[in-house]
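To start, the structure itself, in structure tokens.
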Amino acid sequence: MEKVIILDFGSQYTQLIARRVRENNVYSEIVPYNISPDQIGDDVIAIILSGGPGSVYDERPYLPDKRIFEIGKPILGICYGLQIIAHVLGGKVAPAGEKEYGFAELEIIKDSPLFRNIPDLKAQDYKGNEDTPHLTPPPTHEVRGGRSGVRKFRVWMSHGDRVLSIPENFSVIARTANSPYAAISDEKRKIYGLQFHPEVVHTEYGTEIIRNFLYEIAGAKGEWKLENYVETMIAEIRERVDGNGVILALSGGVDSSVVAYLLAKAVGENFYPIFIDTGLLKIGETERIKKFFGQLKNLRIIDAREIFLNALKGVKDPEEKRKIIGEKFIEVFRDESLKLKDKIKFLAQGTLYPDVIESTPVVGPSETIKSHHNVGGLPDWLPFKLLEPLKMLFKDEVRKIGKILGMPDELISRHPFPGPGFAIRIIGEVTEESLSLVKLADLIIEEEIKNAGLYEELWQVFPVLLPIKTVGVMGDKRTYEYVVALRAVTSVDGMTADWAKLPYEVLERISSRIVNEITGINRVVFDITSKPPATIEWE
Ligand code: XMP
């Protein structure tokens, strides 16, 4: 199958580039920036050089193997990728004086297949993109060009260093006021460089530019279709498993549910899903599992509520809570799975492509902010082989696959829910009482957000129970009860997030219902911090 490789120089947008390529029906993979050309096979139809925080002037700059420019594959350099092209092929890059960050107006000054089908911009041409959270209004913009035949549109810039002169045989195809070399090309060798980011939604015609690179320049056929991939996955799982048993820790979240649907199709009665009720999950979770997966013959539901509650007794430190929950989960899962060990040969996991990429960072060490508990970290002493059918997929693709497999929307569109559950949404000690309060608040919040039609626009929305009591008045009586913080964010991937500008009426309904319906909470506050600097979860 044809594919595009993206050399990762550490940009926060690298994964976005990969997704944009796939959205255009071309399979893409992220590879280390210094991949050897010998590892680039015939199936690779083009190479994209990502952006990155580095500079070609760093003491030890991140540079690709020069020979990738000599193997005849079309190349698109984005941001730092453009600077690499300029630097490596004989142009000149100047160290950062000032950073250019934000919108710029790009003017096309030379025709190029890269800009094919990009018309003069008219105001009504502005299209929002599915990634633009609806809660953020689209930027207004000036109408320029139009009838005069000048082709100008808005692009998103974020760079320090700038190109001073371009290599031989290259021409400038577009410029902005601050970047005279905003887009350059060597049409003969099919090497292109962009100072701006076509992959972000803020760049108008960004999708068209990527599409042009794939189809007009690299001659893509558009073979990446999820429907076909599902069939391939099912066939591959069936062949690999070969009549043996497969076990899965089913959480009810999107990823493990999609894996469950796949396995049910691929291996039928050899599939052994295990659901562990930690007591830290949403109200009604066990019933939901029964509703959606109850027909699976070997489904096991393990009631481990007491184990987790006991283990968490007296523990207040967030990292300690996470550690305990992770360990207990493994213990319970191990005990259950070993009971089945004569039948089982494989352990399935809902690992996604971003997990795979992030576990092998290419540029720089990444600091541990929180030790995420995912089943992903199951120890290798379990006597099973690993099956990770979603390993090459992004979350939005996994959701589409769920749809193809006939999963109900209620399951597909669920918000992410952290492995440690409500334990990290209770600041301080987890007790039966605190769990009950936070879960009831969660029920009300989800209901009101769904009623307001906002659920799908949000990445997550949930309560955090604070370990402080404040004074209130109800009827004529003084109350002294707990405070709940409401957290609501929009995000594309959870790596960064904006606090959601929820309508006042919705906030009001949530607040008054929580305080009126839950004895023990008399105050609701709203978290208005984005990530960074805050994280999404409070612990
Ligand atoms: P933070 O709080 O780090 O969260 O901004 C980013 C995203 O990750 C989720 N999250 C977790 N997911 N196990 C998970 O499976 C965890 O331990 C965990 N901690 C945070 C969080 O809900 C958000 O979507």
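One point on numbering: in numbering that gives the first Met the number 0, the residue at position 419 of the sequence shown is 418, and numbering is uninterrupted.
The beta-carbon is built from N, C-alpha and C at its ideal position, and this holds for glycine as well.
Source: prediction; values computed, not measured.
What number of angstroms, rounded off, separates the C-alpha of residue 273 from the C-alpha of residue 299?
Answer to the nearest angstrom: the Cα atoms are 5 Å apart.
Could you tell me which residues DSSP puts in a beta bridge with residue 425?
Answer is 464, bridged to residue 425.
I'd like to confirm the pairing. Which residues does DSSP put opposite residue 244 in its beta bridges?
Residue 244 pairs with 343.
Does DSSP classify residue 254 as helix, strand or coil?
Three-state DSSP puts residue 254 in a helix.
Residue 467: which of 337, 32, 428 sits nearest, CA to CA?
If we check each option's Cα against that of residue 467, 428 comes out closest.
Count the other CB atoms within 10 Å of the CB of residue 515; is the residue buried (16 or more) or exposed (fewer)?
Residue 515 should be labelled exposed.
What do you reckon, are the CB atoms on residue 520 and residue 436 nearer than 8 Å?
It is a contact, given that the beta carbons lie within the stated cut-off.
Does DSSP put residue 17 in a helix, in a strand, or in coil?
Residue 17 falls in the helix class under three-state DSSP.
I'd like to confirm something about residue 400: is its beta-carbon nearer than 7 Å to some heavy atom of the ligand XMP, or not?
For the ligand XMP, not one heavy atom lies less than 7 Å from the Cβ of residue 400.
Answer yes or no: the CB of residue 530 versus the heavy atoms of the ligand XMP, is any distance below 7 Å?
Correct: residue 530 has its Cβ closer than 7 Å to the ligand XMP.
Count the other CB atoms, across all protein chains shown, that sit within 10 Å of the CB of residue 185; report buried if there are 16 or more and exposed otherwise.
Answer is buried; the Cβ neighbour count reaches 16.
Can we count residue 536 as close to the ligand XMP, meaning its CB is less than 7 Å from some heavy atom?
Result yes, Cβ under 7 Å from the ligand XMP.
Do residue 356 and residue 331 have their CB atoms nearer than 8 Å?
No, Cβ-Cβ distance for residue 356 and residue 331 is not below 8 Å.
Could you tell me whether the region 240-248 touches the region 216-229, using the rule of 3 or more Cβ pairs below 8 Å?
Because the criterion of three Cβ pairs below 8 Å is not met, the region 240-248 and the region 216-229 do not touch.
For the beta strand (DSSP E) that contains residue 354, what are its first and last residues?
Not the beta strand (DSSP E): residue 354 falls in the alpha helix (DSSP H), residues 352-357.
So, are the CB atoms of residue 6 and residue 34 less than 8 Å apart?
Contact: yes.
Given a threshold of 16 other Cβ atoms within 10 Å of its Cβ, counted over all protein chains shown, does residue 194 qualify as buried or as exposed?
Label assigned to residue 194: buried.
Under the three-state reduction of DSSP, which class applies to residue 469: helix, strand or coil?
Correct three-state label for residue 469: strand.
Assuming contact is defined by CB atoms lying nearer than 8 Å, are residue 54 and residue 95 in contact in what I supplied?
Yes.
Is residue 531 buried or exposed, if buried means 16 or more other CB atoms sit within 10 Å of its CB?
With fewer than 16 other Cβ atoms within 10 Å, it is exposed.
Alpha helix (DSSP H) containing residue 85: first to last residue?
Here the alpha helix (DSSP H) through residue 85 covers 79-87.
If you draw a straight line from the alpha carbon of residue 440 to that of residue 432, how long is it in whole angstroms?
One C-alpha to the other measures close to 13 Å.
When every heavy atom of the ligand XMP is checked, does at least one fall within less than 7 Å of the C-beta of residue 413?
No, the beta carbon of residue 413 sits no closer than 7 Å to any heavy atom of the ligand XMP.
Quick check: does the Cβ of residue 166 come within less than 7 Å of any heavy atom belonging to the ligand XMP?
No, since every heavy atom of the ligand XMP falls outside the 7 Å radius drawn around the Cβ of residue 166.
Taking the DSSP output, what are the residues bridged to residue 43?
Paired residue(s): 2.
Going by CA-CA distance only, name the one from 90, 41, 351, 303 that's closest to residue 253.
When only C-alpha atoms are compared, the closest one is 351.
Please classify residue 310: does DSSP put it in a helix, a strand, or coil?
Looking at residue 310 - three-state DSSP - the assignment turns out to be helix.
Terminal residues of the continuous beta strand (DSSP E) containing residue 106?
Run containing residue 106: 99-107, per the beta strand (DSSP E) assignment.
Give me the Cα-Cα distance between residue 122 and residue 105, rounded to the nearest whole angstrom.
Annotation note: pLDDT 38 at residue 122 (below 50); position unreliable, no value reported.
To the nearest angstrom, how far is it from the Cα of residue 321 to the Cα of residue 415?
Looking at the two C-alpha atoms, the distance is approximately 17 Å.
Starting from residue 500 and walking both ways along the alpha helix (DSSP H), at which residues does that stretch end?
No alpha helix (DSSP H) contains residue 500, which DSSP labels as neither H nor E.
Tell me the rounded alpha-carbon separation between residue 120 and residue 497.
Because residue 120 carries a pLDDT of 48, less than 50, the predicted location of this residue cannot be relied on, and the following value inherits that uncertainty. Taking the straight line joining both Cα atoms gives about 29 Å.
How would you label residue 160, buried or exposed, when you count the other beta carbons within 10 angstroms and need 16 or more for buried?
With 16 or more Cβ atoms within 10 Å of its Cβ, residue 160 is classed as buried.
Taking 8 Å as the cut-off, does the region 286-298 touch the region 253-268 (at least 3 CB pairs, one atom from each stretch)?
As far as the Cβ criterion goes, the region 253-268 touches the region 286-298, which means the pair count is three or higher.
Identify which residue in 450, 536, 510 has its Cα closest to the Cα of residue 426.
The option with the nearest alpha carbon to residue 426 is 536.
Identify which residue in 189, 256, 483 has its Cα closest to the Cα of residue 411.
Nearest of 189, 256, 483 to residue 411, Cα basis: 256.
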